[in-house]
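A.B. asks: These protein sequences, in sequence, are chains A and B.
Numbering-wise, this note's numbering comes out as the position in the first sequence, counting from 1, plus 644.
Numbering-wise, this note's numbering comes out as the position in the second sequence, counting from 1, plus 984.
Every residue gets a Cβ at the ideal spot worked out from N, C-alpha and C, and that includes glycine.
On a predicted model such as this, the values are computed, not experimentally measured, just so you know.
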Amino acid sequence: MPVNIEGIREFARLAREPSELVRHARGNIGLWLTLIAVAAAAVFMLMSGTKFAVGAATLFAIWAILAVSLNLVVGYTGLLSVGHVGFFGIGAYTMAVLTSEAPYEQLRTGVIPTFGWPFFAVLPLCIVLAGLAALIVGVVFNRFRDDIFVLVSFGFAIIAYSVFLNLRSVTRGAFGIHEIVRPQIGAWTFDGNVAFLLLALVFLGFVMLISWFITTSSFGRVLTAIREDEQAIEVFGYQATHFKLAVWVISAMMAGLAGGLFASWTRFIDPNSFILLESVLLVSIVILGGLASIWGSLLGAMAFVLLEEGMRFLPFIPTEYTGQARQVVLGILLVLLMLFRPQGLVGRFRL
Amino acid sequence: MASNREGARGLPRLINVPGTRLIAALLTALALGYIAWKIGQAPPQALQFAFNGLAVGAVYALLALGFTLVYSTVWFFDLYYGAAAALGAYGVFYLRTDPALGSRLDINSLPVNVIFGAVVAGVFAWTLHTMIEPRLRRRASPAVLRTGVAVVAVAMGIYTAIVLSYPEHLQLTLSPAVGLATAAVAIAITQRVAHSVASRVNATLVALIAAAPAAVLGAWCGYLLSGAPGAGLYLSWAVSCLLAGCVGLALYRGLYVYMRERARSPLIMLVASLGILLAIAALIVIVFQSAPRPLPDAFGSTPWNIGGARIKGFNVFAIGVALAGFAGMWLLLKMTSFGRAVRAIGDDEEVSKVVGINTTVIIAVVFFIGAMYAAMAGILTGHDTALQPRMGLLLLLKGWIASVVGGIGNLYGAIVGGFVLGLVEQFGIWDLAGEWKDAISFGLLILFLSFWPQGLLPRR
Chain A
645 MPVNIEGIRE
655 FARLAREPSE
665 LVRHARGNIG
675 LWLTLIAVAA
685 AAVFMLMSGT
695 KFAVGAATLF
705 AIWAILAVSL
715 NLVVGYTGLL
725 SVGHVGFFGI
735 GAYTMAVLTS
745 EAPYEQLRTG
755 VIPTFGWPFF
765 AVLPLCIVLA
775 GLAALIVGVV
785 FNRFRDDIFV
795 LVSFGFAIIA
805 YSVFLNLRSV
815 TRGAFGIHEI
825 VRPQIGAWTF
835 DGNVAFLLLA
845 LVFLGFVMLI
855 SWFITTSSFG
865 RVLTAIREDE
875 QAIEVFGYQA
885 THFKLAVWVI
895 SAMMAGLAGG
905 LFASWTRFID
915 PNSFILLESV
925 LLVSIVILGG
935 LASIWGSLLG
945 AMAFVLLEEG
955 MRFLPFIPTE
965 YTGQARQVVL
975 GILLVLLMLF
985 RPQGLVGRFR
995 L
Chain B
985 MASNREGARG
995 LPRLINVPGT
1005 RLIAALLTAL
1015 ALGYIAWKIG
1025 QAPPQALQFA
1035 FNGLAVGAVY
1045 ALLALGFTLV
1055 YSTVWFFDLY
1065 YGAAAALGAY
1075 GVFYLRTDPA
1085 LGSRLDINSL
1095 PVNVIFGAVV
1105 AGVFAWTLHT
1115 MIEPRLRRRA
1125 SPAVLRTGVA
1135 VVAVAMGIYT
1145 AIVLSYPEHL
1155 QLTLSPAVGL
1165 ATAAVAIAIT
1175 QRVAHSVASR
1185 VNATLVALIA
1195 AAPAAVLGAW
1205 CGYLLSGAPG
1215 AGLYLSWAVS
1225 CLLAGCVGLA
1235 LYRGLYVYMR
1245 ERARSPLIML
1255 VASLGILLAI
1265 AALIVIVFQS
1275 APRPLPDAFG
1285 STPWNIGGAR
1295 IKGFNVFAIG
1305 VALAGFAGMW
1315 LLLKMTSFGR
1325 AVRAIGDDEE
1335 VSKVVGINTT
1345 VIIAVVFFIG
1355 AMYAAMAGIL
1365 TGHDTALQPR
1375 MGLLLLLKGW
1385 IASVVGGIGN
1395 LYGAIVGGFV
1405 LGLVEQFGIW
1415 DLAGEWKDAI
1425 SFGLLILFLS
1435 FWPQGLLPRR
């Protein structure tokens, strides 16, 4: 089933003829939710000033890249992976180690050399390294399905975290890495937050375009078929394992890209950004937004960012617990979704 | 769902590539050789690591036991398990009145007490409704029965809230409950014995005759308890285990039952329980803050010196608890009609429903027991190290790994897998930093799934 092209055409048509909008909106939950989310985002921007809003929007762009890429694996191929944060972390650490010029001395090994490479030279490396890691991991993980796949992907996330925390000669352990550079083209740096936001949005558009291309191509149709019935598609002569491996690697490369952007945006990373919980939250974003739907992932990421920022305005929640309160809401939402709407808000695939 | 169990388990088939067996054998030989070499190098240190491995393995074995029980009955991974472990451990922290802990009184909050009271009330209402009501249906009108059940359930809820509100008087508040429970057990045993001695004896008469001495016994037990300040620790263990179990039962009866009716794949249940785990973990951070919390030393915290290795009495106790938990589970599953029903449901839920097993009740009890095992494991970990809000997810995963290593769905496999995982983890960090141990256990998991997906002791 070709998936998103109709949705996009629909949006284009609606944009041309506003009178269609009313007729269309009845029974189209996705449109309503998108409108609500955009309205909430606008209200939030008005209430919290530009600087805050730009930060939140950049965070949204990075989470959206992650969610869209994970949706390729979870939604389209039907592999519930909880290890995506590992690839995100590989991308982020590649960026951090290769661009940072912060001096770092270690007791046993002496001074660690710093590289100080530019952002745009390292970003392809982030992508390639995450892809390579995914290739190795994928070859091992390829034969697992369902529950067991969930378990081993948990395992990958934890192993990746252990490596980030304990491979001190490279990742500097719990101290983290400072002074990660911002992107630079010629003499012009993306120092300002708005400029960086634009860059992140460009990358988000790029990732969405690739995902859209993948999911509407014949390759994407095979993935959907694997999700529905792996044995059946093998009868037709498709090697399901090759397809799964390919989409796994592609998805990991996108996560590596997001990691590079994240490291460059925050300018400081430590292993705490890549704990298992982040991965679990990411999965819940994807499921919340909608499985097998690119717009759904955007919606999920937007809801995720808005939830945390929105919690700040609730008077009865202390500010230090907004993240936790969001987690509670997200957990309850997941339960409700599984009860009443297993495909997520605007998804097309029931788990 | 249950009918499609092979698919639901998602276990890969054994690979038939010729080299696989060879690689597996080589890996095993390498691991054993490494351990033997290490033991030869420094025997006391090896003994130390073996002790540590067994102590950690006891916790994993307990987790794996409860996990196996639930998983081999309903065939989906219930991630509430991790939350149950964390709830158990934090429950003890909540209830301990040790002045050394300091800020306990800041933590005791009315909403928490009320929530747990409500959960207990719900569980009691359901239990009475399914167990007692059918037996009394002929003697009283439905309205009277309903009201009675509601009154008892609400009373139990309020009682629970009161117990939780005054943890410093745990012995006092709990002594009536313990007394009543003792009396009830005494009556039940008398009745059972009388029934087996002379099967025609009038059960009501026996119960009436036994009631008076049982009441005295119960009152005596309650009195002893109220005067024993040292009992607070064990009571707090029992209370937090029971509460975690009640939450597990309530989750099954209030949520999973409806979900399983329409779930197309086990992943739905997994994701829903993931949501519950997320919510509970976050609530724990909100109530207890994210900093690690210590539990007071239970007992035997000064290590003994055995053959150059140091071992704490509490760790020996933990191993004992794991073995006792295994024995209890074995008796429950192999010797009672409840166990037969559980195994029947695990084999085929539809058919067991057809032959007249009340699957909802049995599975609810299974969830209760499983959550209690997890809570006990959480408590043992909490006394050994410190409490962290994240501990639940990690403990859950360790129990899961242990049951995969031992053989999914096999009771013996669970306890063997737990101890093997503990030993491998501890011997693995001999040459590495201790922080690698999670990575090591997941490496073990991936090796096992690649080469021995059926585990050490496969389910028949």
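By Cβ distance below 7 Å, which residues in the same chain neighbour residue 733 of chain A in space, the five residues on each side in sequence not counted?
C.D. replies: Working through the first sequence from its first residue, we reach residue 733 of chain A at position 89. Same-chain partners within the cutoff: 804, 808, 903, 918.
A.B. asks: Do three or more CB pairs link the region 1282-1291 of chain B to the region 1005-1021 of chain B at distances below 8 Å?
C.D. replies: No, they do not touch.
A.B. asks: Counting only beta-carbon atoms, is residue 1276 of chain B nearer than 9 Å to chain A?
C.D. replies: Your numbering for residue 1276 of chain B matches position 292 in the second sequence. Taking Cβ atoms only, chain A never reaches closer than 9 Å to residue 1276 of chain B, which makes this a no.
A.B. asks: Which of the residues in the region 775-803 of chain A, read from start to end, lie with their CB under 7 Å from any CB of chain B?
C.D. replies: Listed by position, the residues of the region 775-803 of chain A near chain B (Cβ gap below 7 Å) are 784, 787, 788, 789, 790, 791, 792, 793, 794, 795, 796, 798, 799, 802, 803.
A.B. asks: For residue 931 of chain A, which of helix, strand or coil comes out of DSSP?
C.D. replies: Here residue 931 of chain A refers to the residue found at position 287 of the first sequence. Residue 931 of chain A falls in the helix class under three-state DSSP.
A.B. asks: What did DSSP end up calling residue 833 of chain A once you bin it into helix, strand or coil?
C.D. replies: Counting from one through the first sequence, the residue named residue 833 of chain A turns up at place 189. In this structure, residue 833 of chain A counts as strand in the three-state DSSP scheme.
A.B. asks: Closer than 9 Å, Cβ to any Cβ of chain B: which residues of the region 972-989 of chain A, in chain order?
C.D. replies: The region 972-989 of chain A vs chain B, Cβ under 9 Å: 972, 973, 974, 975, 976, 977, 978, 979, 980, 981, 982, 983, 986.
A.B. asks: Would a check of beta-carbon distances place residue 806 of chain A closer than 9 Å to chain B?
C.D. replies: To locate residue 806 of chain A, count along the first sequence from 1; it is residue 162. Judged by the 9 Å Cβ criterion, residue 806 of chain A is in contact with chain B.
A.B. asks: Which of the three DSSP states is assigned to residue 1248 of chain B in this structure?
C.D. replies: What you label residue 1248 of chain B is simply residue 264 of the second sequence in a count that begins at 1. Residue 1248 of chain B: coil per DSSP, three-state reduction.
A.B. asks: What whole-angstrom Cβ distance do residue 1262 of chain B and residue 718 of chain A have, given they're in contact under 8 Å?
C.D. replies: To locate residue 1262 of chain B, count along the second sequence from 1; it is residue 278. To locate residue 718 of chain A, count along the first sequence from 1; it is residue 74. Their Cβ separation, rounded to whole angstroms, is 16 Å, which puts residue 1262 of chain B and residue 718 of chain A out of contact at 8 Å.
A.B. asks: How many Å lie between residue 769 of chain A and residue 907 of chain A at the Cα?
C.D. replies: Counted from its first residue, the first sequence places residue 769 of chain A at position 125. Counted from its first residue, the first sequence places residue 907 of chain A at position 263. Roughly 14 Å separates the two Cα atoms.
A.B. asks: Using a C-beta to C-beta distance shorter than 7 Å, which residues of chain A count as neighbours of residue 1420 of chain B?
C.D. replies: Counting from 1 along the second sequence, the entry for residue 1420 of chain B is found at position 436. Those are 806, 810, listed as they occur along chain A.
A.B. asks: Rounded to the nearest angstrom, what separates residue 1073 of chain B and residue 720 of chain A at their Cα positions?
C.D. replies: Here residue 1073 of chain B corresponds to residue number 89 of the second sequence, with the count starting at 1. Here residue 720 of chain A corresponds to residue number 76 of the first sequence, with the count starting at 1. For residue 1073 of chain B and residue 720 of chain A, the distance between alpha carbons rounds to 39 Å.
A.B. asks: Distance, Cα to Cα, residue 871 of chain A vs residue 723 of chain A?
C.D. replies: Locating residue 871 of chain A in the first sequence gives position 227, where the first residue counts as 1. Locating residue 723 of chain A in the first sequence gives position 79, where the first residue counts as 1. Taking the straight line joining both Cα atoms gives about 8 Å.
A.B. asks: Measure the alpha-carbon distance for residue 1027 of chain B versus residue 1418 of chain B and round it to whole angstroms.
C.D. replies: Indexing the second sequence from 1 puts residue 1027 of chain B at position 43. Indexing the second sequence from 1 puts residue 1418 of chain B at position 434. If I take the Cα positions, the gap works out to 20 Å.
A.B. asks: Helix, strand or coil for residue 994 of chain B per DSSP?
C.D. replies: In the second sequence, the residue the question calls residue 994 of chain B occupies position 10. Unreliable placement is indicated for residue 994 of chain B, whose pLDDT of 49 sits below 50; no coordinate value is reported for it.
A.B. asks: Could you tell me if residue 964 of chain A is buried or exposed, where buried requires 16 or more neighbouring beta carbons within 10 angstroms of its beta carbon?
C.D. replies: Residue 964 of chain A sits at position 320 when you count from the first residue of the first sequence. Exposed, by the Cβ-count rule.
A.B. asks: Could you tell me whether any Cβ in chain A is nearer than 9 Å to the Cβ of residue 1027 of chain B?
C.D. replies: As a working mapping, residue 1027 of chain B is identified with position 43 in the second sequence. So, not an interface residue.
A.B. asks: Within 10 Å of its beta-carbon, does residue 1021 of chain A have 16 or more other beta-carbons around it, so buried, or fewer, so exposed?
C.D. replies: Because chain A in this structure spans residues 645 to 995, residue 1021 of chain A falls outside the shown range and cannot be described.
A.B. asks: Between residue 1434 of chain B and chain A, is the shortest Cβ-Cβ distance under 9 Å, so that the two count as touching?
C.D. replies: Sequence index remark: in the second sequence, residue 1434 of chain B carries index 450 (1-based). Taking Cβ atoms only, chain A reaches closer than 9 Å to residue 1434 of chain B, which makes this a yes.
A.B. asks: Please name the residue or residues paired with residue 1293 of chain B in a DSSP beta bridge.
C.D. replies: Translated into positions along the second sequence, residue 1293 of chain B becomes position 309. Residue 1293 of chain B is bridged to B/1290.
A.B. asks: Going along the chain, which residues of its own chain have a beta-carbon closer than 8 Å to the beta-carbon of residue 1305 of chain B, five neighbours each way excluded?
C.D. replies: Looking up residue 1305 of chain B in the second sequence gives position 321. The answer, listed in chain order, is 1042, 1046, 1360, 1364.
A.B. asks: Cβ closer than 9 Å: which chain B residues qualify as neighbours of residue 928 of chain A?
C.D. replies: In the first sequence, residue 928 of chain A corresponds to position 284, counting from 1. The answer, in chain order, is 1255, 1258, 1259, 1262.
A.B. asks: Within the chosen definition, does the region 1094-1101 of chain B reach the region 1140-1156 of chain B through at least 3 CB pairs nearer than 8 Å?
C.D. replies: As far as the Cβ criterion goes, the region 1094-1101 of chain B touches the region 1140-1156 of chain B, which means the pair count is three or higher.
A.B. asks: Going by other Cβ atoms of all chains shown within 10 Å of its Cβ, with 16 needed for buried, is residue 835 of chain A buried or exposed?
C.D. replies: Against the first sequence, residue 835 of chain A aligns to sequence position 191. By the 10 Å Cβ count, residue 835 of chain A comes out exposed.
A.B. asks: Can we say the region 836-844 of chain A touches the region 1419-1427 of chain B, given the rule of at least three CB pairs closer than 8 Å?
C.D. replies: In short, these stretches do not touch, since the Cβ pair count stays below three.
A.B. asks: Hey, which unbroken runs of the alpha helix (DSSP H) at 4 residues or more fall wholly within the region 871-949 of chain A?
C.D. replies: Runs of the alpha helix (DSSP H) inside the region 871-949 of chain A: 874-879, 884-910, 920-933.
A.B. asks: Suppose you measure from the CA of residue 1338 of chain B to the CA of residue 1257 of chain B; what does that come to, to the nearest Å?
C.D. replies: By one-based count along the second sequence, residue 1338 of chain B stands at place 354. By one-based count along the second sequence, residue 1257 of chain B stands at place 273. Residue 1338 of chain B and residue 1257 of chain B: Cα-Cα distance of roughly 28 Å.
A.B. asks: To be precise: take each residue of the region 1221-1254 of chain B, compare its Cβ to all Cβ atoms of chain A, and keep it if any distance is under 9 Å. Which residues remain?
C.D. replies: So the close ones are 1239, 1242, 1243, 1246, 1247, 1248, 1249, 1250, 1251, 1252, 1253, 1254.
A.B. asks: Compare the C-beta of residue 645 of chain A with all C-beta atoms of chain B and state if any pair is closer than 9 Å.
C.D. replies: Taking the first sequence and counting its residues from 1, one reaches residue 645 of chain A at position 1. Since pLDDT at residue 645 of chain A reaches only 42, below the 50 mark, its modelled position is unreliable, and the value read off the structure follows with that caveat. Chain B, which has no Cβ nearer than 9 Å to the Cβ of residue 645 of chain A, makes this no.
A.B. asks: Under the three-state reduction of DSSP, which class applies to residue 821 of chain A: helix, strand or coil?
C.D. replies: Within the first sequence, numbered from 1, the residue matching residue 821 of chain A stands at position 177. In the structure shown, residue 821 of chain A sits in a strand (DSSP, three-state: E or B).
A.B. asks: Closer than 9 Å, Cβ to any Cβ of chain B: which residues of the region 877-911 of chain A, in chain order?
C.D. replies: Against chain B - using a Cβ distance shorter than 9 Å - the region 877-911 of chain A contributes no residues.
A.B. asks: Let me see if you follow: with CB-CB separation under 9 Å, is residue 924 of chain A close to chain B or not?
C.D. replies: Your numbering for residue 924 of chain A matches position 280 in the first sequence. Yes, its Cβ sits closer than 9 Å to a Cβ of chain B.
A.B. asks: Going by DSSP, what residue range makes up the alpha helix (DSSP H) through residue 790 of chain A?
C.D. replies: The sequence position of residue 790 of chain A within the first sequence is 146, counting from 1. Its alpha helix (DSSP H) spans residues 790-810.
A.B. asks: Which residues does DSSP pair with residue 1164 of chain B in a beta bridge?
C.D. replies: Position 180 of the second sequence, counted from the first residue, corresponds to residue 1164 of chain B. Looking at the DSSP assignment, residue 1164 of chain B forms no beta bridge with any residue, so it has no partner.
A.B. asks: Give a yes or no on contact between the region 946-957 of chain A and the region 681-695 of chain A, applying the rule of three or more CB pairs nearer than 8 Å.
C.D. replies: Taking 8 Å as the limit for Cβ pairs, the verdict is that the region 681-695 of chain A does touch the region 946-957 of chain A.
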